[in-house]
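Protein chains in written order, with the working numbering: chain A, 1 to 329; chain B, 330 to 658; chain C, 659 to 987; chain D, 988 to 1316; chain E, 1317 to 1645.
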Amino acid sequence: MNETPEITIFAYSEDKFEEKRIKKLEEALDYKDYRVVWVNIDGIGYLEELKDTFKVHDVAVKAIKRTKSRARLAILKDHLFILLHQVYELKGGLKKERTAIFLKDNFVITMQERSGDVFNSIRESIRHNEGLFRGKDADYLLYALLDAIIGNYVPILENISSQMEILENKVLKDRDKETLREIHGIRRRILFVRRTIFPLLEVFRRLRLEGKEFFKEETQEYLEELYNHVMEILDIIESQRDMANGLVEIYYSTISMRTNEIIRILTVVSTIFIPLTFITGIYGMNFNTTASPYNMPELNWYYGYPVTLLAMLAIALGMLYYFKKKEWL
Amino acid sequence: MNETPEITIFAYSEDKFEEKRIKKLEEALDYKDYRVVWVNIDGIGYLEELKDTFKVHDVAVKAIKRTKSRARLAILKDHLFILLHQVYELKGGLKKERTAIFLKDNFVITMQERSGDVFNSIRESIRHNEGLFRGKDADYLLYALLDAIIGNYVPILENISSQMEILENKVLKDRDKETLREIHGIRRRILFVRRTIFPLLEVFRRLRLEGKEFFKEETQEYLEELYNHVMEILDIIESQRDMANGLVEIYYSTISMRTNEIIRILTVVSTIFIPLTFITGIYGMNFNTTASPYNMPELNWYYGYPVTLLAMLAIALGMLYYFKKKEWL
Amino acid sequence: MNETPEITIFAYSEDKFEEKRIKKLEEALDYKDYRVVWVNIDGIGYLEELKDTFKVHDVAVKAIKRTKSRARLAILKDHLFILLHQVYELKGGLKKERTAIFLKDNFVITMQERSGDVFNSIRESIRHNEGLFRGKDADYLLYALLDAIIGNYVPILENISSQMEILENKVLKDRDKETLREIHGIRRRILFVRRTIFPLLEVFRRLRLEGKEFFKEETQEYLEELYNHVMEILDIIESQRDMANGLVEIYYSTISMRTNEIIRILTVVSTIFIPLTFITGIYGMNFNTTASPYNMPELNWYYGYPVTLLAMLAIALGMLYYFKKKEWL
Amino acid sequence: MNETPEITIFAYSEDKFEEKRIKKLEEALDYKDYRVVWVNIDGIGYLEELKDTFKVHDVAVKAIKRTKSRARLAILKDHLFILLHQVYELKGGLKKERTAIFLKDNFVITMQERSGDVFNSIRESIRHNEGLFRGKDADYLLYALLDAIIGNYVPILENISSQMEILENKVLKDRDKETLREIHGIRRRILFVRRTIFPLLEVFRRLRLEGKEFFKEETQEYLEELYNHVMEILDIIESQRDMANGLVEIYYSTISMRTNEIIRILTVVSTIFIPLTFITGIYGMNFNTTASPYNMPELNWYYGYPVTLLAMLAIALGMLYYFKKKEWL
Amino acid sequence: MNETPEITIFAYSEDKFEEKRIKKLEEALDYKDYRVVWVNIDGIGYLEELKDTFKVHDVAVKAIKRTKSRARLAILKDHLFILLHQVYELKGGLKKERTAIFLKDNFVITMQERSGDVFNSIRESIRHNEGLFRGKDADYLLYALLDAIIGNYVPILENISSQMEILENKVLKDRDKETLREIHGIRRRILFVRRTIFPLLEVFRRLRLEGKEFFKEETQEYLEELYNHVMEILDIIESQRDMANGLVEIYYSTISMRTNEIIRILTVVSTIFIPLTFITGIYGMNFNTTASPYNMPELNWYYGYPVTLLAMLAIALGMLYYFKKKEWL
């Protein structure tokens, strides 16, 4: 992935704009007279150059190197370092990849493990001088980049929501193991996103409280906006979690109600036949009717058989009536 | 929804009062000599005009634009921005809609997604000079508006409570899936209201702590009142949640006790017949009684049949007695 | 309830004491030269007079008016307002009623929705100059009143405890739905008390931290005592909650173990008879023994019948032994 | 218990030591020239004398009097008051009893409801001038006493641990109700200790933060030690709680797996016999073979009976094979 | 274990390095002119010497002595004391052992219960002057040591992860008790690691907040790194916990679905045979067909037997169709 990290410069002032791909990180310093210089690195790399050129702290570089690092904010002497994750779908599963952002003077340096298109709309806005970008400093660009990353979670969540709607219908119809596995899959994905986005709360809370000095007063209001944005995403996640848990509950209760129903009805049915079969058993006995008048005289009665059949019918109907009354059927 | 947002002005001083529908937001500034000017906008719109006329911060406009935004408070340089939700019933479900409130000098601007009647009683009070409104400043109006919105949750909750009472009776009688679905529906509605109202705690806590400068000392006491009001609503919601969970528990225990009871009784019944049927099986065997005196001599006994019947009766009664004693019946 | 609220004055100094029922609230001011004046109002009323005579804040009156209000503390400019609840039993259920307490200068005003006897022992102490009352100021009286209200929760909890002990025995014997309903009733009562007393923690915590100026230094120690007292009550409630949950658990496990036992034993019993009945079925078949020597020659054997019976006995005993060994019986 | 509280004096300086039983509390003041005076009272009593002699605050005396009081710390004007509990085993159950400790100047006063031997090792150390006692002030003695009380929880917990190990083996073998009751007993005891020791966290946290002035700088480090000691005890308790919950889980899963196994095997067995019995039923029918060649010609076949037996055997073996393949047996 | 604790000195400055095993702790002081002196003690011992030579506080020594002590940080007058645990696998289970670290001036003293190789890579770096060590002070060494200990948890967790993957496959195939026991074992190990590492959060949080004075400004950034590192480990543990809980859930649902399936199918099968057997019972009755034309004339019908067989087949097929339609099969 970090075979050939590409460096792109977006430098702009209120009336100027330059976009260029460069080969060496120190070339970025040539643009420092622009109001804002955004150095975008696609791929993890140039870490030593970062330390040399921008005097980035050793801690930040260590954090970028570690592949399992957690979203974090480091407020360093003269620069800010933010590490956060982007989530994207890959073959039905979710993957997360690191994005590192530095703010130093009028430089914003972004380093993305995965060259996605999350920042494209910002690039377009700067190119065509839309929005507030060109009239603001680097701190506003930083805000916009962070906001774009957070906003990028929304389609992921919408995707989960629509999958959940499909599952909701499935749960009431199918009851095979596949459905359960899918529900578990959804839950795992929700937990995954939640775990990825949760540390951002802390990052933005601290950015608001401790990172003030890096932001113009007019931009500070936007920091709270970031925090609120994450909270909104988390609200969606929490309600999705509730829904997924509800799905599991419905799944199990559907299964167990079905089993209960089958067993109940079948037990009732078999119970009705038990005394009937007992009666046929009685008249299937071979007591010698000639040996004694007390030995099964019914067998020789004129209406013995039809009376027995009617009696069995009466018993069956009586039991059915009783079970109905008890609401067992 | 925001086809034609309507702007209404409520301007009043201790002895004057004017109510007027205006077409352009900047006309509102003509009323600025009144003690309090309440600009009510029904529908989401005039956002750019808000920024131009009242110098409302970009952040607030962004928050209003986002349809899934969360309740929030922004304490801006010279104005307060509060975003919160109203909940109303629509076709058996609950919907929430945004209400934005600004406080700037003697102006209170409210913007409601849905032109409900939640503020009507306040309008009436101002029109007829009831209550404290005309003797107070814009901060008191703000308090009253917020209090009205919170108070509006009460009928929603009462509605849920009465639905829950109906369900409580249903649960003990019916046991079909429909009841379970209704309980789940109630739970989801309770969670929905809870999630809507929960962020208000944070909003009012911060309003009390950080928003003090926007409130006269005599009005500050009311801020705590808002917080307490939300806490009371949450108390009701929590106890409804407990009740709903209790309903689910009762539902499942009723179902499972019923199934248990059926299976238990039927198992007992069938168990009584098993040995009896076995006996009839024995005397249904065709051993040749003429081939040997040991071959089923009972069949030729004089009282063979009645003794067998009596023996079976005795066995049945004995088992019944045993099951009764064990309390299995 | 607030038909005719009664006002009683308890005014005392170290050496003087006067107790009088008055008709108008402003008469209370005549006693202001006493060290402490306790104005007790039985019933909710005289709210406007409170505002006029004692300059009580509008917020406090609003809180009293709301019937579902939550326990709260308001530290107002020159007076304290505390709202809390008393719980009492009514027809087997628990009810809560509001008690409002004001502290202003040397005045303590109490307003109780329900004229109970919770303050009687304090009245007696003042009348007969027992305890520390007459040597202390109004802040100590306030402490004593709050302590009495909290202390009044103890008999309620003791009642619940003794009901729980009765239930504990019941659970192991009876297993009908009634018992379950009673356990749920106990749980609901415990939750009710818990919800009533929980906000007091916050009230007393804030009283200790923010209300200091209303208390002499020597009385401040008592504020912590109040907090501790509530914590003790909550400790009792929590352990009762654990016990009630334990009861439910025992109830369900008793039920399910009983059902399991019945089904297990009956299944075993029926399983023993199944092969026996099968054997009787075999020898009940009508194959023509005269058509072939292979057709059920057993039927004509000399010891056919007794051997068959012995074989069946052997099978039954063998299965019993196997089930015993497997500990299924 | 507090019939005749006994007062013992332990007074020591670096080079002097005196131990004496006294009858009146004020005699303790005679020893005040020693570096440290430890007044130990076995039994609850002399409360009024405490107030008179040592000017102990009324709040502390109230807390001691209340039998259900909770562990607490009161930082009073010129003295510290700590109330905490000792737990000991009595007839298989756990009991807790109050211990009150005062620190005032060079006096440490301990009052124990139960004259146990928890302080014995401290007494021995002082008597024989072991440890640091004689070179330290009263604050160190206070630390040592508190540490001894906390340390005394360890054997109680070890006892619970060893009981739990015994139960762990029992659970896998026996499955009677007795075992379940014992597990519940263990859980209750763990909760009891937890509830007793939990408030100590708060006590020692506050002692560290707010009680600093009562401790020499060199002794202050020990306060954190107390907090850590309680945390360690709580760690043990938490892991015991996990283990106890695990026991319950194992118990229930053992029970239900056993029932499942029985029912499964027996159901399979009975299912195998059902079609066989049906076949015997068919050939037990009495259709008149002489009336028609279609009426059960099998009965007159030469190999009718053995073929039927073989067919039944084949069916039985086939079903057994099917069940084995499906892993139902 | 602490038979013969070995002391090793690692002393280095930017250009010098010395490594030596010493016999007496006070020899360590000879190296005090190096920039950093790392005294590594393998085994718990030399505690009194520590107090004498380095004036280590009594509290630290007490904490080391206690075998069940919890991870902790003590910020003492002129030195830092950190106690934490290393976890390692022993015979399939996990064990934890204490590691104590002191920082005093340019001395770092480590004392390990178990002479593992966790610090080896640091030793190598110092020996060959790799990394930043030789250019930094003792505080950086302290950071590196702590980081190494935390990093050492990763292989333990990876081991657990791979065991869990094996179990995941097992759960879907085998369903014996052994699998359940293994899952419980995994869960216990996860909880064990969690409980060991959790207190480190508090330790590093306090180190960052309160221990600042012991760290150069440039090293302080690393402290946050430690905290983040622990958070990352905890993130892994939490997701492992979720996975383990998921395994249990899958295990139980697999078991219960299997039992449900067996019982359902077998019940259906037996239910199909019940009416058939009843019919054979009817025609097995011995009513005397010669005594009356109403007595089982079917027995003498020409097609009696085949019609009966066909009727039974029809009933069986009908029921099968019904059960299929109801999706009970």
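Don't be surprised by glycine CBs; every beta carbon is placed ideally from N, CA and C.
Could you spell out the range, first to last residue, of the beta strand (DSSP E) harbouring residue 93 of chain A? 93-104
State the DSSP-derived secondary structure class of residue 690 of chain B, mapped to helix, strand or coil. Because chain B is modelled from 330 through 658, residue 690 of chain B falls outside the range shown and cannot be assessed.
Going by the DSSP bridge assignment, what does residue 1324 of chain E pair with across the sheet? E:1337, E:1356
Cutoff 8 Å: residue 1372 of chain E Cβ touching any chain D Cβ: no
Examine chain D for any beta-carbon lying closer than 8 Å to the beta-carbon of residue 1631 of chain E, and answer yes or no. no
Selected residue, minimal CA-CA separation from residue 78 of chain A, among A:90, A:86, A:70, A:108: A:108
Bounding residues of the alpha helix (DSSP H) (the contiguous stretch that carries residue 952 of chain C): Where residue 952 of chain C is concerned, there is no enclosing alpha helix (DSSP H), given that its DSSP letter is neither H nor E.
Quick check: is the beta carbon of residue 931 of chain C nearer than 8 Å to any beta carbon in chain B? yes
Would you say residue 1602 of chain E lies against chain A (beta-carbon separation less than 8 Å)? yes
List the residues of chain D whose Cβ lies closer than 7 Å to the Cβ of residue 1616 of chain E, in chain order. 1275, 1278
Excluding five sequence neighbours on each side, which residues of the same chain lie with their C-beta closer than 6 Å to the C-beta of residue 819 of chain C? none
Spell out a yes or no on whether the region 897-912 of chain C and the region 839-852 of chain C are touching, meaning 3 or more CB-CB pairs, one atom from each, closer than 8 Å. yes
Per-residue contacts from residue 100 of chain A into chain E (C-beta, under 7 Å): In chain order: nothing, as chain E lies at least about 14 Å away.
Inspect the beta-carbon positions of residue 284 of chain A and residue 1271 of chain D and report whether they are closer than 8 Å. yes
Local Cβ density within 10 Å of residue 1301 of chain D, reported as buried at 16 or more and exposed below that: exposed
Where DSSP assigns a beta bridge to residue 1359 of chain D, which residues make up the other side? Examination of residue 1359 of chain D is not possible in this model, given that chain D is present from 988 through 1316 alone.
Using only the alpha-carbon positions, how far apart do residue 210 of chain A and residue 226 of chain A sit? 15 Å
Anything in chain B within Cβ reach of residue 964 of chain C, meaning under 7 Å, just list it in chain order. 623
Span of the beta strand (DSSP E), counted from its first residue to its last, around residue 111 of chain A: 107-112
Is residue 1392 of chain E helix, strand or coil by DSSP? coil
Within 8 Å, do at least three Cβ pairs link the region 124-131 of chain A to the region 153-168 of chain A? no
As an exercise, report each continuous beta strand (DSSP E) stretch of at least 3 residues that is fully enclosed by the region 1252-1312 of chain D, in chain order. none
Answer yes if the region 689-699 of chain C comes into contact with the region 668-675 of chain C, meaning at least three C-beta pairs across the two stretches below 8 Å, and no otherwise. yes
Use the C-beta contact count for residue 1168 of chain D: other C-beta atoms within 10 angstroms, 16 or more gives buried, fewer gives exposed. exposed
For residue 582 of chain B and chain C, any beta-carbon pair shorter than 8 Å? yes
Contact between the region 1051-1068 of chain D and the region 1184-1201 of chain D: three or more CB pairs below 8 Å? yes
Any 3 or more C-beta pairs closer than 8 Å across the region 586-598 of chain B and the region 256-270 of chain A: yes
When burial is assigned at 16 or more other CB atoms within 10 Å of the CB, is residue 552 of chain B buried or exposed? buried
Complete runs of the alpha helix (DSSP H) confined to the region 503-541 of chain B [at least 4 residues]: 506-539
Please determine whether the Cβ atom of residue 885 of chain C lies at a distance below 7 Å from any heavy atom of the ligand GTP. Judged by which ligands are present, the structure shown has none, so any question about the ligand GTP falls away.
Would you please state the rounded distance, in angstroms, between the beta carbons of residue 1453 of chain E and residue 1485 of chain E? I believe it to be under 8 Å. Incorrect: roughly 51 Å between the Cβ atoms, too far for contact.
Selection of the region 1356-1390 of chain E by Cβ proximity to chain D, strictly under 8 Å: 1373, 1374, 1375, 1378, 1379, 1382, 1384, 1385, 1386, 1388, 1390
Find the residues of chain D that neighbour residue 820 of chain C, judging by a C-beta separation of less than 7 Å, and give them in chain order. Within 7 Å Cβ-Cβ: nothing; residue 820 of chain C doesn't reach chain D, min ~16 Å.
Under 8 Å: do the region 374-392 of chain B and the region 441-449 of chain B share three or more Cβ pairs, one atom per stretch? no
Boundaries of the alpha helix (DSSP H) in which residue 1134 of chain D is found, first to last residue: 1125-1138
Whole angstroms are fine: how far does the CA of residue 1057 of chain D sit from the CA of residue 771 of chain C? 31 Å
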